[in-house]
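Take a look at the structure set out below.
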Amino acid sequence: MTHPAGWHPDPGNPNLERYWDGQQWTDQTRPHSQFAASEGAGQATKKARKWPWVVGGVIGVFVLMGIIGNIVGPQEEESTAGASSTTTTAAPVTTTTQPTTTTRTPSSTTAPSFTISTTTPVPAVPVKAEFSDPRCAPADPAMVEWIAAGLSDSSLALENAVVIEDDGLLFIGASTVRPDGKFENRSDVWIVQDSMPFASTGGARNTTEWTKASDALGISPGDERVQAADACVIELTRG
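According to UniProt numbering, the stretch in the sequence shown is residues 1 to 239, in order.
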């Protein structure tokens with residue numbers, strides 16, 4: 001309950017009165033006096049004097065309602081009796097359908113990437129053969145091609161190539177083969193120094209344009225290393 005603005009008993013001290021501004025208690029206080037009591041009694045007396053009037057007003061309202069009911073009642077009965085049927089109208093039901101919204105996320109289209117690789121054919125690695133001379137080994141195909149580039153007859157080919165490495169030199173032996181698969185020379189030997197081939201044996205000097213090894217390097221065809229490479233090629237041709 002909200003008190004009207006004014007002096008009221010202090011909630012914290014019954015011997016004092018505190019001023020209520022209508023919203024909250026203020027800091028103003030005063031000793032409790034008979035004025036407040038008499039003021040309260042006067043208000044109670046005024047309220048007591050008002051209640052007979054209130055009761056009389058309520059009774060008058062009921063009397064008036066009874067008179068109106070007697071007048072309106074017969075008309076409602078006649079209206080009800082004359083009605084042949086009662087019509088009930090159902091209130092329309094309104095259904096609101098929320099539209100379905102479909103959000104499409106744009107898909108990012110990325111152009112496919114293509115990787116084009118150029119594959120260089122790798123020369124076949126020659127199968128290591130068993131030689132009676134442990135110094136012999138299959139020759140590097142690239143070096144064999146380099147020596148074959150000096151062949152005076154381009155229809156010839158070098159096969160059964162072997163190599164012996166010694167003192168920074170490569171002693172490469174190979175068979176010179178004709179297009180029909182027959183030997184032009186069963187075995188010839190070239191000596192390579194600093195990637196430069198030199199023809200050692202007679203067949204090598206006759207079928208290629210490389211410089212003579214005996215002239216450039218001072219190594220004769222009878223050198224032990226030349227003969228060893230030649231022997232390893234012969235072993236391969238005999239299977």
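No residue lacks a Cβ here, since even glycine has one placed at the ideal position from N, Cα and C.
Going by DSSP, name the residue or residues bridged to SER175.
-> According to DSSP, which records beta bridges pairwise, SER175 is partnered with GLU159.
List the endpoints of the continuous alpha helix (DSSP H) containing LEU236.
-> First-last of the alpha helix (DSSP H) with LEU236: 224 to 237.
How many Å lie between ARG18 and HIS32 at the Cα?
-> Spanning the two alpha carbons is a distance of roughly 9 Å.
Own chain residues within Cβ distance below 6 Å of THR201, not counting five before or after = Setting aside the 5 residues that flank it on each side, THR201 is surrounded in the same chain by ASP188, VAL189, PRO221, each with a C-beta closer than 6 Å to its C-beta; the list follows chain order.
So what's TRP146 in DSSP terms, helix, strand or just coil?
-> Helix at TRP146.
Starting from SER214, trace the alpha helix (DSSP H) both ways and give me its first and last residue.
-> Where SER214 is concerned, the enclosing alpha helix (DSSP H) stretches over 213 to 216.
Proximity below 9 Å, CB of ALA20 to CB of PRO4 | At residue 20 the sequence reads Trp, which differs from the Ala that was named. Against a cut-off of 9 Å, the Cβ pair of PRO4 and TRP20 comes out as a contact.
Three or more C-beta pairs below 8 Å linking the segment 144 to 153 and the segment 213 to 220 = Counting Cβ pairs under 8 Å, fewer than three are found: no touch.
Report the partner residues of VAL192 according to the DSSP bridge assignment.
-> Note: VAL192 is bridge-paired with LEU170, PRO197 in the DSSP secondary-structure output.
Assign ARG205 to one of two classes, buried (16 or more other C-beta atoms within 10 Å of its C-beta) or exposed (fewer than that).
-> With at least 16 other beta carbons inside 10 angstroms of its own, ARG205 counts as buried.
Could you round the C-beta distance between PRO141 and VAL162 to whole angstroms and report it? I think they count as a contact, below 8 Å.
-> The distance from the Cβ of PRO141 to that of VAL162 is about 12 Å, inconsistent with a contact at the 8 Å cut-off.
With burial defined as no fewer than 16 other Cβ atoms inside 10 Å of the residue's Cβ, what is the status of ASP223: buried or exposed?
-> Of the other Cβ atoms in all chains shown, 16 or more fall within 10 Å of the Cβ of ASP223; this residue is therefore buried.
Residues of its chain near ASN15, where Cβ-Cβ distance is below 6 Å and the 5 sequence neighbours each way are ignored | Around ASN15: HIS32.
Would you kindly report the start and end of the unbroken beta strand (DSSP E) that includes THR29?
-> Its beta strand (DSSP E) spans residues 25 to 31.
Using the beta-carbon count (16 or more within 10 Å), is SER195 buried or exposed?
-> Exposed is the call here.
Specify the secondary structure class of GLY66 as computed by DSSP and reduced to three states.
-> Helix, per DSSP.
In the DSSP assignment, find the unbroken alpha helix (DSSP H) run with GLY12 in it and report its ends.
-> In this chain, GLY12 is not harboured by any alpha helix (DSSP H), its DSSP state being neither H nor E.
Assigned exposure category for VAL233 - 16 Cβ within 10 Å defines buried | Classification of VAL233: buried, given that the 10 Å Cβ count is 16 or more.
Excluding the five sequence neighbours on either side, which residues of its own chain have a C-beta within less than 7 Å of the C-beta of GLU209, listed in chain order?
-> Within its own chain, the residues whose Cβ lies closer than 7 Å to the Cβ of GLU209, once the five positions on either side in sequence are excluded, are GLY150, SER152, listed in chain order.
Of the residues THR29, ILE191, THR237, GLY218, which one's Cα is nearest the Cα of ASN13?
-> Nearest of THR29, ILE191, THR237, GLY218 to ASN13, Cα basis: THR29.
Do you know offhand how far GLY173's Cα is from ASP230's?
-> Between the alpha carbons of GLY173 and ASP230 lies a distance of about 6 Å.
Nearest candidate by alpha-carbon position, reference ALA228, set PHE171, VAL192, GLU159 = Nearest in C-alpha terms to ALA228, of all of PHE171, VAL192, GLU159, is PHE171.
Under the three-state DSSP convention, the category ARG186 falls into = Strand at ARG186.
How big is the Cα-Cα spacing for PRO179 and ILE191?
-> Rounded to the nearest angstrom, the two C-alpha atoms are 25 Å apart.
Please confirm whether ARG135 and ASP166 have their CB atoms less than 9 Å apart.
-> Judged by beta-carbon spacing, ASP166 lies within the 9 Å limit of ARG135, meaning their Cβ atoms are closer than that value.
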